[in-house]
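**Student:**
Protein chains in written order, with our numbering: chain A, 576 to 748; chain B, 337 to 504.
1) Could you check where the beta strand (DSSP E) with residue 373 (chain B) kicks off and where it finishes?
2) DSSP on residue 713 (chain A), reduced to helix/strand/coil?
3) When you compare the CB of residue 449 (chain B) with every CB in chain A, is at least one pair closer than 8 Å?
4) For residue 593 (chain A), which residues from the same chain have a beta carbon less than 6 Å from its beta carbon, with the 5 sequence-adjacent residues on both sides left out?
5) Just to confirm the assignment: which complete beta strand (DSSP E) runs, minimum length 3, are found wholly within the segment 606-630 of chain A?
6) Measuring alpha carbon to alpha carbon, tell me which of A:733, A:605, A:706 ends up nearest residue 655 (chain A).
7) Which residues of the segment 708-730 of chain A have a Cβ closer than 8 Å to any Cβ of chain B? Give them in chain order.
8) Within its chain, find whatever has a CB closer than 7 Å to the CB of residue 664 (chain A); leave out the 5 residues flanking it on each side and keep chain order.
9) My guess is that residue 388 (chain B) and residue 407 (chain B) are in contact by the Cβ rule of under 8 Å, so how many angstroms apart are they, rounded?
10) So who's on the other strand from residue 633 (chain A), going by DSSP bridges?
11) Using a Cβ cut-off of 8 Å (strictly closer), state whether residue 611 (chain A) contacts chain B.
12) So with CB distances below 7 Å, who are the chain B contacts of residue 698 (chain A)?
13) If you follow the beta strand (DSSP E) that residue 411 (chain B) is in, where does it begin and where does it stop?
14) Please check if any C-beta of chain A sits within less than 8 Å of the C-beta of residue 350 (chain B).
15) Using the Cβ count rule (16 or more neighbours within 10 Å means buried), how would you classify residue 370 (chain B)?
16) Where residue 453 (chain B) and residue 386 (chain B) are concerned, what is the direct C-alpha to C-alpha distance, given to the nearest angstrom?
17) Mind pulling the chain B residues with CB within less than 7 Å of residue 734 (chain A)?
18) Quick check on residue 626 (chain A): buried or exposed, where buried means 16 or more other Cβ atoms within 10 Å of its Cβ?
19) Which one or two residues does DSSP pair with residue 362 (chain B) in a beta bridge?
20) Which residues in chain A have a C-beta closer than 8 Å to the C-beta of residue 405 (chain B)? List them in chain order.
21) Can you tell me which residues form a DSSP beta bridge with residue 695 (chain A)?
22) Is residue 600 (chain A) near residue 614 (chain A), with beta carbons less than 8 Å apart?
23) Distance check for residue 377 (chain B) and residue 394 (chain B), CA to CA, integer angstroms please.
24) Residue 447 (chain B) to residue 427 (chain B), Cα distance in whole Å?
25) Assign residue 380 (chain B) to buried or exposed, taking buried as 16 or more other Cβ atoms, counted over all protein chains shown, within 10 Å of its Cβ.
26) Would residue 710 (chain A) be called buried (16 or more neighbouring beta carbons within 10 Å of its own) or exposed?
27) Of all the options B:374, B:469, B:462, which has the alpha carbon lying nearest to the alpha carbon of residue 405 (chain B)?
28) Quick check: is the beta carbon of residue 634 (chain A) nearer than 8 Å to any beta carbon in chain B?
29) Which value, in whole angstroms, describes the spacing of the CA atoms of residue 477 (chain B) and residue 374 (chain B)?
30) If we ignore side chains and look at the alpha-carbon of each, how far apart do residue 445 (chain B) and residue 652 (chain A) end up?
31) Kindly list, in the order they appear in chain B, the residues whose Cβ is closer than 7 Å to that of residue 802 (chain A).
32) For residue 637 (chain A), which residues from the same chain have a beta carbon less than 6 Å from its beta carbon, with the 5 sequence-adjacent residues on both sides left out?
33) Tell me which residue opens and which closes the beta strand (DSSP E) that residue 730 (chain A) is part of.
34) So with CB distances below 7 Å, who are the chain A contacts of residue 423 (chain B)?
35) The beta strand (DSSP E) that contains residue 481 (chain B), what's its start and end?
36) Given a threshold of 16 other Cβ atoms within 10 Å of its Cβ, counted over all protein chains shown, does residue 399 (chain B) qualify as buried or as exposed?
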């Protein structure tokens, strides 16, 4: 009887081909341009039809004084120099606008006026994406950050995971 | 010809050996530097060369009673040692002298992802802890969920420095 070659394709569903994780060095960035957050990781897929899943956790802290202008900041997963996924991680276009008026007619009190000045916002962040490299070349995964307008954001405690999932059986619908 | 026994190691790649998960009850604590235990889960690896993949999600909330807002942090503790820490999980911002807020509450979604290689088959306890750097009010934690997977050794992807998942 001829024996059947055992391959990953005989197992129903996807298998985890490779898995990887590393810490990112903290990054302080205050410019409207993409900058590297931590070190890149190079992962070489074992199969051309594999899916690569990337996740990143950490936090962002806006140390700038948020006044009447809009502040926002983005983080992104770059693969081989191209943006694969990005999201607004802090600010998200929120504005602390101008003045507040109020009036208490019961006591004939009028219009105090205040302007917001807030700083040191923080939030946890989580980014993930799945992509299909389509080859077995080395894939360079790099986290990047961006501030708009230019104001200082501290990105801390980043941890990146990379997982190669076999193609067949993954993302079935 | 004798057939070779098929084990997980013959299949190229890695398999998920076991999955454990748990909901954490909501919690609240006084603000301050003490690392408060939100909840924990145990896992006993079936193989010494397995990688343990940990994913935790929840919400952390602080209150703002003064000019300076407290900063909330989370700690992924394994067997009594902090394996992964995220500071600045939530902080709603300091208000300047012109506008102070009292009783304002704010929170952030929290996700912690980590991978470790225990190198043994002993029981290990994974605990999520939270604290603030001071301030006033109450630290609150909601909707915690932890998922722990044992992944058979398989192939580990390497980077230029040849470091892999954290070895313990």
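In this text, a Cβ means the ideal position worked out from N, Cα and C, and glycines have one as well.
**Tutor:** A quick look at the data gives this:
1) Here residue 373 (chain B) is taken as the residue at index 37 of the second chain, counted from 1. That run of the beta strand (DSSP E) goes 372-379.
2) Within the first chain, the letter at position 138 stands for residue 713 (chain A). Note: residue 713 (chain A) maps to coil in three-state DSSP.
3) Position 113 of the second chain, counted from the first residue, corresponds to residue 449 (chain B). True, the Cβ-Cβ gap to chain A drops below 8 Å.
4) Your numbering for residue 593 (chain A) matches position 18 in the first chain. Excluding sequence neighbours, residue 593 (chain A) sits near 739.
5) 610-618
6) Along the first chain, one-based indexing puts residue 655 (chain A) at 80. Nearest C-alpha to residue 655 (chain A): A:706.
7) 729
8) Your numbering for residue 664 (chain A) matches position 89 in the first chain. Closer than 7 Å at the Cβ level, and outside the excluded window around residue 664 (chain A), lie 635, 648, 649, 650, 698, 700.
9) Taking the first residue of the second chain as 1, we reach residue 388 (chain B) at position 52. Taking the first residue of the second chain as 1, we reach residue 407 (chain B) at position 71. Residue 388 (chain B) to residue 407 (chain B), Cβ: 29 Å. No contact.
10) Position 58 of the first chain, counted from the start, is the residue given in the question as residue 633 (chain A). DSSP output for residue 633 (chain A) lists A:700 as bridge partner(s).
11) In the first chain, residue 611 (chain A) corresponds to position 36, counting from 1. Chain B, which has no Cβ nearer than 8 Å to the Cβ of residue 611 (chain A), makes this no.
12) In the first chain, counting from the first residue as 1, residue 698 (chain A) sits at position 123. Chain B residues near residue 698 (chain A): 426, 444.
13) Position 75 of the second chain, counting from 1, holds the residue named residue 411 (chain B). 408-414 is the extent of the beta strand (DSSP E) around residue 411 (chain B).
14) Here residue 350 (chain B) refers to the residue found at position 14 of the second chain. Residue-level contact check: residue 350 (chain B) touches chain A, since one or more beta carbons of chain A fall below 8 Å from its beta carbon.
15) Indexing the second chain from 1 puts residue 370 (chain B) at position 34. Exposed, because fewer than 16 other Cβ atoms sit within 10 Å of the Cβ of residue 370 (chain B).
16) Numbered from 1 along the second chain, position 117 holds the residue referred to as residue 453 (chain B). Numbered from 1 along the second chain, position 50 holds the residue referred to as residue 386 (chain B). Cα-Cα distance, rounded: 6 Å.
17) Stepping through the first chain from its first residue, residue 734 (chain A) is reached at position 159. Per Cβ cutoff of 7 Å: 420, 449, 450.
18) As a working mapping, residue 626 (chain A) is identified with position 51 in the first chain. Answer is buried; the Cβ neighbour count reaches 16.
19) As a working mapping, residue 362 (chain B) is identified with position 26 in the second chain. None; residue 362 (chain B) has no bridge partner.
20) By one-based count along the second chain, residue 405 (chain B) stands at place 69. Going along chain A in sequence order, the residues near residue 405 (chain B) (Cβ under 8 Å) are 695.
21) The sequence position of residue 695 (chain A) within the first chain is 120, counting from 1. None; residue 695 (chain A) has no bridge partner.
22) Translated into the one-based positions of the first chain, residue 600 (chain A) becomes position 25. Translated into the one-based positions of the first chain, residue 614 (chain A) becomes position 39. Yes, the pair counts as a contact, with Cβ atoms nearer than the cut-off.
23) Here residue 394 (chain B) refers to the residue found at position 58 of the second chain. Here residue 377 (chain B) refers to the residue found at position 41 of the second chain. Computed Cα separation, rounded: 15 Å.
24) Taking the second chain and counting its residues from 1, the one referred to as residue 447 (chain B) is at position 111. Taking the second chain and counting its residues from 1, the one referred to as residue 427 (chain B) is at position 91. Spanning the two alpha carbons is a distance of roughly 16 Å.
25) What you label residue 380 (chain B) is simply residue 44 of the second chain in a count that begins at 1. By the neighbour-count rule (16 or more Cβ atoms within 10 Å), residue 380 (chain B) is not buried but exposed.
26) Your numbering for residue 710 (chain A) matches position 135 in the first chain. Residue 710 (chain A) comes out exposed.
27) Translated into the one-based positions of the second chain, residue 405 (chain B) becomes position 69. Looking at the Cα atoms, B:469 is the closest of the given residues.
28) For the purposes of this step, residue 634 (chain A) is taken as residue 59 along the first chain, with counting starting at 1. Against chain B, the CB of residue 634 (chain A) has a partner CB under 8 Å away; the residue lies at that interface.
29) Reading the second chain from its first residue, position 141 is the one you call residue 477 (chain B). Reading the second chain from its first residue, position 38 is the one you call residue 374 (chain B). Each residue's Cα considered, the two are about 8 Å apart.
30) Within the second chain, the letter at position 109 stands for residue 445 (chain B). Within the first chain, the letter at position 77 stands for residue 652 (chain A). Each residue's Cα considered, the two are about 20 Å apart.
31) Nothing can be reported for residue 802 (chain A), as the shown portion of chain A is limited to 576 through 748.
32) Here residue 637 (chain A) refers to the residue found at position 62 when the first chain is read from its first residue. Same-chain partners within the cutoff: 665, 696, 728.
33) As a first step, residue 730 (chain A) is located in the first chain; it is residue number 155 there, counting from the start. Its beta strand (DSSP E) spans residues 728-740.
34) Residue numbering aside, residue 423 (chain B) sits at position 87 when the second chain is read from its first letter. In chain order: 634, 731, 732.
35) Counting from 1 along the second chain, the entry for residue 481 (chain B) is found at position 145. From DSSP, the beta strand (DSSP E) with residue 481 (chain B) extends over 474-487.
36) Here residue 399 (chain B) is taken as the residue at index 63 of the second chain, counted from 1. Residue 399 (chain B) should be labelled buried.
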